[in-house]
Amino acid sequence: MISKDSKTSLALASRGLKLAGTVLILVTLLNFILLMIPPNFNSPNWWLNLTSQIIQQGIIPLLGLAALLAAIACEVVLGTASETDR
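If you use my numbering, the sequence shown corresponds to residues 176 to 261, in order.
Pasting the structure below:
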């Protein structure tokens, strides 16, 4: 059985993890879009730089996804997760 303090802590952790995960994913997507400006599709150097930047920053959306999954796990422990989250 989970105490009331633990439920409150898990609920706050779940909200924080959801927010952090969403922010990490959205910031990464925005950064990927900004990396493509100005486009120079005919230049191999531009493609190489774009690809290397995307690969180097690939861990950030993975951390965001991990935070979202941890938030869902907190909700499952609390019993507040909806059936679509499980």
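Note that beta-carbon positions come from the ideal geometry of N, C-alpha and C, so glycine has one too.
- request: Note down the Cα distance separating residue 201 from residue 237, rounded to an integer number of angstroms.
  value: 12 Å
task: Could you tell me if residue 189 is buried or exposed, where buried requires 16 or more neighbouring beta carbons within 10 angstroms of its beta carbon?
output: buried
field: Residue environment, residue 233, which counts as buried when at least 16 other CB atoms sit within 10 Å
entry: exposed
- request: Assign residue 239 to one of two classes, buried (16 or more other C-beta atoms within 10 Å of its C-beta) or exposed (fewer than that).
  value: buried
- request: Tell me, to the nearest whole angstrom, how far the beta carbon of residue 192 is from that of residue 249; I am working on the premise that it is less than 8 Å.
  value: 7 Å
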